[in-house]
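Numbering (this note's numbering), first residue to last: 96 to 158.
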(Lines of atoms letter the chains of each structure in order from A and count residues from 1; the text may use other names and numbers.)
(Lines give C-alpha, C1' and ligand atoms only; values in the text may rest on other atoms or scores of the structure.)
Protein backbone atom coordinates (compact mmCIF):
# COMPACT_ATOMS: atom_id res chain seq x y z
CA UNK A 1 0.00 0.00 0.00
CA UNK A 2 1.41 3.41 -0.93
CA UNK A 3 0.67 6.70 0.69
CA UNK A 4 -0.07 9.74 -1.39
CA UNK A 5 0.42 13.26 -0.20
CA UNK A 6 -1.44 16.23 -1.49
CA UNK A 7 0.45 19.49 -1.67
CA UNK A 8 -1.52 22.67 -1.57
CA UNK A 9 -0.22 25.75 -3.27
CA UNK A 10 -0.40 28.96 -1.29
CA UNK A 11 0.93 32.19 -2.79
CA UNK A 12 3.64 33.85 -0.79
CA UNK A 13 5.40 37.18 -0.88
CA UNK A 14 8.42 35.60 -2.55
CA UNK A 15 6.27 34.50 -5.47
CA UNK A 16 4.55 37.87 -5.77
CA UNK A 17 7.04 40.63 -4.92
CA UNK A 18 4.55 43.35 -5.86
CA UNK A 19 2.29 42.25 -3.02
CA UNK A 20 5.19 42.40 -0.57
CA UNK A 21 5.68 46.07 -1.47
CA UNK A 22 2.03 47.00 -1.78
CA UNK A 23 0.92 45.91 1.70
CA UNK A 24 3.31 48.17 3.65
CA UNK A 25 2.55 51.07 1.33
CA UNK A 26 -1.19 50.68 1.87
CA UNK A 27 -0.69 50.34 5.61
CA UNK A 28 1.45 53.49 5.68
CA UNK A 29 -1.12 55.41 3.62
CA UNK A 30 -3.94 54.30 5.91
CA UNK A 31 -1.95 55.29 9.00
CA UNK A 32 -1.11 58.64 7.43
CA UNK A 33 -4.76 59.37 6.71
CA UNK A 34 -5.77 58.45 10.25
CA UNK A 35 -3.09 60.74 11.67
CA UNK A 36 -3.94 63.54 9.24
CA UNK A 37 -7.65 63.52 10.00
CA UNK A 38 -7.03 62.92 13.69
CA UNK A 39 -4.85 66.03 13.93
CA UNK A 40 -7.00 68.12 11.59
CA UNK A 41 -10.05 67.65 13.78
CA UNK A 42 -8.17 67.50 17.07
CA UNK A 43 -9.66 69.27 20.04
CA UNK A 44 -6.14 69.94 21.32
CA UNK A 45 -4.94 73.34 20.13
CA UNK A 46 -1.33 72.14 20.41
CA UNK A 47 -1.81 69.28 17.91
CA UNK A 48 -3.94 71.39 15.58
CA UNK A 49 -1.53 74.33 15.59
CA UNK A 50 1.46 72.03 15.00
CA UNK A 51 -0.22 70.60 11.91
CA UNK A 52 -1.17 74.12 10.84
CA UNK A 53 2.44 75.30 11.15
CA UNK A 54 3.67 72.33 9.12
CA UNK A 55 1.32 73.31 6.31
CA UNK A 56 2.81 76.81 6.31
CA UNK A 57 6.39 75.53 6.32
CA UNK A 58 5.71 73.18 3.37
CA UNK A 59 4.02 76.04 1.46
CA UNK A 60 0.62 74.37 1.25
CA UNK A 61 -2.54 76.44 1.47
CA UNK A 62 -4.53 76.06 4.63
CA UNK A 63 -6.91 79.02 4.74
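By construction, the Cβ of each residue, glycine as well, lies at the ideal position given by its N, Cα and C atoms.
Everything numeric in this text was worked out from a predicted model, so none of it was measured.
Fill in: Euclidean distance between Cα positions of residue 156 and residue 143
Approximately 15 Å, taken between the alpha carbons.
Discussion item. Whole angstroms are fine: how far does the CA of residue 123 sit from the CA of residue 114?
Written reply: 14 Å
Worksheet item: What do you reckon, are the CB atoms on residue 145 and residue 135 nearer than 8 Å?
Response: In this structure, residue 135 does not lie closer than 8 Å to residue 145 by Cβ.
Worksheet item: How long is the line joining the alpha carbons of residue 139 and residue 119, rounded to whole angstroms?
Response: 30 Å
Practice prompt. Alpha carbon to alpha carbon, how far is residue 125 from residue 117? Give it in angstroms, no decimals.
Written response: One Cα belongs to residue 117, the other to residue 125, and the distance between them is close to 12 Å.
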